[in-house]
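**Q** Take this structure first; my questions come after.
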Amino acid sequence: MFYREAGDFKTSYRQDSQTFPIRFDRWRFYAVLALAFGVIPFVINDYWANSVFVPFLIYAIAAIGLNILTGYAGQVSLGTGGFMAVGAYACYKLMTSFPEVSILIHVLLAGGVTAAVGVLFGLPSLRIKGFYLAVATLAAQFFLVWLFNKVPWFYNFSASGQITAPDRTVLGYFVTGAQTSATAKYLVCLVFLVLVALIARNLTRGTVGRKWMAIRDMDIAAEIIGVNPLTTKLTAFAVSSFFIGIAGALFFAVYLGAAEVGEAFGIQKSFLILFMVIIGGLGSIFGSFAGAAFLVLLPVLLKNLLVGTLGWPTDLAAHIELMIVGGLIVVFLIAEPHGLAQLWRLAKEKLRLWPFPH
Amino acid sequence: MPEQLLYAMEVTLNGLMAGVMYSLVALGFVLIFKASGIFNYAQGVLALFAALTLVGLQNGQIPFAHLINAALGTNLHSFGWKLPVLVAIALTALVMVGLAILIEKLVLKHLVNQAPIILFMATIGLAYFLEGLGDVMWGADIKKLDVGLPQGISETVESVTDSIFGYGFFIDNLDIVATVVAVLLVASLTIFSQYSKQGRALRAVADDHQAALSVGISLRFIWVLVWSIAGFVALVAGIMWGTKSGVQFSLSLIALKALPVLMLGGFTSIPGAIVGGLIIGVGEKLFEFSVGPMIGGATENWFAYMLALIFLVFRPQGLFGEKIIERV
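For the protein sequence lines, the chains are S and L, in the order given.
As numbered in the working numbering, the first sequence has no gaps in its residue numbers, which increase by one up to the final residue, 358.
As numbered in the working numbering, the second sequence has no gaps in its residue numbers, which increase by one up to the final residue, 328.
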């Protein structure tokens with residue numbers, strides 16, 4: 001009825017190539033933005049911010065980053081946790097060295113530092129492919145975590161080896177530290193997520209994105225038609241690590257407040273974000289959101305159900321959660337290898353024809 | 001002989017022994033990769049699961065006791081008997097075969113012809129599932145595994161080296177047993193794959209799936225077979241590692257250690273898994289011994305990966321892997 005291209009006349013190239021060509025989609029997008037910026041900040045409380053919204057927003061940024069590398073450019077990475085740690089520690093060093101500069105700039109700079117590290121670890125991808133590369137990125141994961149553990153300069157020689165975010169404000173409101181309100185945490189992460197999603201969406205639609213996809217589909221063929229594998233793979237690593245670095249910086253500074261590298265950015269984090277990307281859908285920005293939402297909500301729901309309602313011990317609930325997450329991944333891969341994003345696409349196809357399918 | 005050199009020799013020997021332990025896990029990877037092209041991330045968790053099951057059976061634990069207690073409010077713990085070691089090992093081997101059949105029926109069958117990366121992800125999912133299942137079935141506390149393997153310092157080696165060099169080497173008995181077992185395992189696997197009918201079928205499938213199908217080899221049977229063998233190798237690895245450091249979650253992380261071993265040796269080569277394991281074992285022990293103290297220690301966490309990474313840049317298919325030929 002409402003969901004179709006017909007009757008939505010485009011009169012300029014600009015309109016013709018906009019992100020949401022269908023009017024209904026456009027309004028839905030504005031409605032979601034209005035809800036996210038206009039309603040949720042006023043009703044959010046600490047529980048919802050800390051257990052659902054803030055982790056969702058941050059993981060969505062990381063998932064978009066990994067999706068660019070794995071989903072669009074086809075380079076499987078198991079080093080996401082390590083790169084998030086780079087973002088976190090870069091942000092920490094910047095925050096403590098230059099207290100007068102805004103935290104927002106620090107977060108962006110932390111992304112930049114992570115991009116540089118990402119390019120460095122991306123260099124072997126020119127020689128190593130597929131599984132071999134996936135395992136090679138583990139080198140980044142373990143080496144970086146070890147580095148941040150062993151070199152005291154990174155954690156400012158603190159006795160505990162932890163990094164703790166100092167209080168910083170944006171426009172007079174606290175965004176890091178103990179006095180931060182749920183609304184401030186949520187809004188900072190939301191602004192970054194919206195920007196990251198817009199940039200990612202437009203990059204993947206343009207020349208860069210097409211080059212990434214050409215390399216993903218078959219790198220030799222892509223090289224023959226004139227795609228430079230060196231720059232293409234390295235830009236994928238750079239952009240992806242930039243986003244992941246931002247996610248890491250926010251995860252540490254805004255969400256956790258204090259972090260210990262092995263615990264917060266270990267190999268489990270790498271797998272978690274990889275699962276988000278797979279369950280959401282490889283090569284889809286919407287999929288990154290869907291996957292992050294799914295894997296953030298699932299443990300919360302399970303915990304409420306098993307521990308809250310049934311009264312089972314927490315460790316048992318954690319083990320059952322492992323089983324369910326593992327089982328779901330297998331089920332998803334069998335039933336829908338392209339993830340939640342594919343279900344969404346199918347639903348939209350159906351909607352276009354509804355209510356006259358023939 | 002100078003003392004430093006003697007220390008280095010001891011470290012090298014210990015590294016070789018540690019390498020054998022890595023090879024035991026890597027072996028399972030190679031078997032499955034050769035026969036089905038699946039990069040089985042769950043191999044380490046299989047070892048953990050096998051070790052958990054072995055301990056559970058040996059002590060007569062009731063499976064899922066924790067879950068039943070939580071759901072029904074009962075207070076069950078064990079059947080109150082202790083099984084002899086050999087019976088428990090045989091039963092665990094049976095469980096692993098059953099698991100192989102289930103994995104083939106429920107997971108692999110549905111994923112034929114999918115991209116390798118999808119299969120890899122599926123085994124990660126499987127790893128999570130098995131880890132959760134192992135914990136729910138047998139409980140997550142650290143368990144002691146004792147199947148009567150000798151442990152502690154080997155006095156024979158110490159006295160022999162003492163009489164030759166004037167300095168006794170410290171070598172764990174368990175490592176010596178592991179080396180013997182690994183040699184036996186590789187020998188029997190080689191004999192099996194070279195001289196038995198099933199072994200030939202296995203090699204045929206490894207060579208070319210479609211050609212193997214066309215001469216009447218059942219792919220599904222081969223997959224069950226290969227996963228059973230991998231399960232058995234996992235059981236052996238689980239016994240060795242479990243005796244060494246207790247049966248606990250970190251056991252599943254040895255799978256990650258086996259990955260650089262595989263990259264060095266090449267994914268498709270059984271000798272590669274052994275040689276790769278030895279190189280990694282010796283390399284990381286020597287590095288920790290010589291450079292480690294200067295840069296803060298605990299280099300074993302990442303050295304293997306870095307070594308493999310640098311090595312791969314020069315030889316992308318590993319030491320013994322088949323040359324990668326790509327066509328457009």
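Just so you know, even glycine gets a beta-carbon here, dropped at the ideal spot from N, CA and C.
In this text, all values refer to a predicted model and were calculated from it rather than measured experimentally.
Mind checking who T314(S) pairs with in its DSSP beta bridge?
**A** Listed as beta-bridge partners of T314(S) by DSSP are no residues whatsoever.
**Q** Using the beta-carbon of each residue, which ones in chain L are nearer than 7 Å to D315(S)?
**A** A140
**Q** Compute the minimum distance between the beta carbon of F332(S) and the heavy atoms of the ligand GTP, and state whether it is under 6 Å.
**A** This structure lacks the ligand GTP, and indeed carries no ligand of any kind.
**Q** Shorter than 7 Å from the beta carbon of W146(S) to some beta carbon of chain L?
**A** Yes, W146(S) counts as interfacial toward chain L.
**Q** Quick one: list the residues of chain S neighbouring A308(L), beta-carbon separation under 8 Å, in chain order.
**A** V135, A136 and A139
**Q** Taking the beta strand (DSSP E) that R168(S) falls in, what are its first and last residues?
**A** R168 to V170
**Q** Looking at Y41(L): is its Cβ nearer than 7 Å to the Cβ of A127(L)?
**A** Going by C-beta atoms, Y41(L) is nearer than 7 Å to A127(L).
**Q** Nearest to M96(L) by CA position, among I279(L), I229(L), V275(L) and K244(L), is which residue?
**A** I229(L)
**Q** Could you check whether the segment 326-346 of chain S touches the segment 118-134 of chain L, counting it as contact only if at least three pairs of C-beta atoms, one from each stretch, sit closer than 8 Å?
**A** yes
**Q** What are the uninterrupted segments assigned as beta strand (DSSP E) that are 3 or more residues long and contained completely in the segment 210-296 of chain S, given in chain order?
**A** none
**Q** Compare the C-beta of F249(L) with all C-beta atoms of chain S and state if any pair is closer than 7 Å.
**A** Cβ-Cβ to chain S under 7 Å: no for F249(L).
**Q** Kindly list, in the order they appear in chain S, the residues whose Cβ is closer than 7 Å to that of W302(L).
**A** Per Cβ cutoff of 7 Å: A139, F142, F143 and W146.
**Q** Kindly indicate the opening and closing residues of the beta strand (DSSP E) around V175(S).
**A** First-last of the beta strand (DSSP E) with V175(S): Y173 to T176.
**Q** Rounded to the nearest angstrom, what separates A70(L) and K303(S) at their Cα positions?
**A** 14 Å
**Q** For D219(S), which residues from the same chain have a beta carbon less than 7 Å from its beta carbon, with the 5 sequence-adjacent residues on both sides left out?
**A** P229
**Q** Over the uninterrupted alpha helix (DSSP H) stretch that includes K150(S), give me the two end residues.
**A** G130 to K150
**Q** Go ahead and label W146(S) buried or exposed: buried means 16 or more other beta carbons lie within 10 angstroms of its beta carbon, across all protein chains shown.
**A** buried
**Q** Just to make sure I have the definition right: I need the residues of chain S whose C-beta is within less than 8 Å of the C-beta of Q114(L). Which are they?
**A** Ordered by position in chain S, the residues that pass the 8 Å Cβ test against Q114(L) are L333 and P337.
**Q** Please identify the residue among L35(S), N67(S), G7(S) and V261(S) whose C-alpha is closest to the C-alpha of W212(S).
**A** N67(S)
**Q** From L319(L) to S270(S), what distance separates their C-alpha atoms?
**A** 28 Å
**Q** What is the DSSP secondary structure of D208(L), counted as helix, strand or coil?
**A** coil
**Q** With three or more C-beta pairs closer than 8 Å as the rule, is the segment 246-266 of chain S touching the segment 78-85 of chain S?
**A** yes
**Q** Show which residues of chain L have a CB atom less than 8 Å away from the CB atom of L322(S).
**A** Y128, F129, E131, G132 and D135
**Q** Using DSSP with H/G/I as helix, E/B as strand and the rest coil, what is K93(S)?
**A** Helix, per DSSP.
**Q** Considering only the alpha carbon of each residue, which of F232(L), R203(L) and G15(L) lies closest to S218(L)?
**A** Among F232(L), R203(L) and G15(L), the Cα nearest to that of S218(L) belongs to R203(L).
**Q** Assuming R200(L) and E104(L) form a contact by the criterion Cβ under 8 Å, report the distance between their Cβ atoms to the nearest whole angstrom.
**A** With a Cβ gap of about 20 Å, R200(L) and E104(L) do not count as contacting.
**Q** Consult DSSP for I329(S) and reduce its assignment to one of helix, strand or coil.
**A** Residue state, collapsed to three classes: helix.
**Q** Which class does D16(S) belong to by DSSP, given the choice of helix, strand or coil?
**A** helix
**Q** To the nearest whole angstrom, what separates the beta carbons of G231(L) and A50(L), a pair I think is in contact under 8 Å?
**A** Rounded, the Cβ-Cβ distance is 7 Å, consistent with contact.
**Q** Given that a residue counts as buried once 16 or more other Cβ atoms are within 10 Å of its Cβ, and exposed if not, what is Y195(L)?
**A** exposed
**Q** Between S23(L) and V261(L), which are expected to be in contact by the criterion C-beta below 8 Å, what is the C-beta distance as a whole number of angstroms?
**A** 7 Å
**Q** Determine the chain S residues that contact A122(L) at a beta-carbon separation under 9 Å, and present them in chain order.
**A** I329, V330, L333 and I334
**Q** L111(L) touches chain S at which residues, Cβ-Cβ below 8 Å?
**A** L333 and I334
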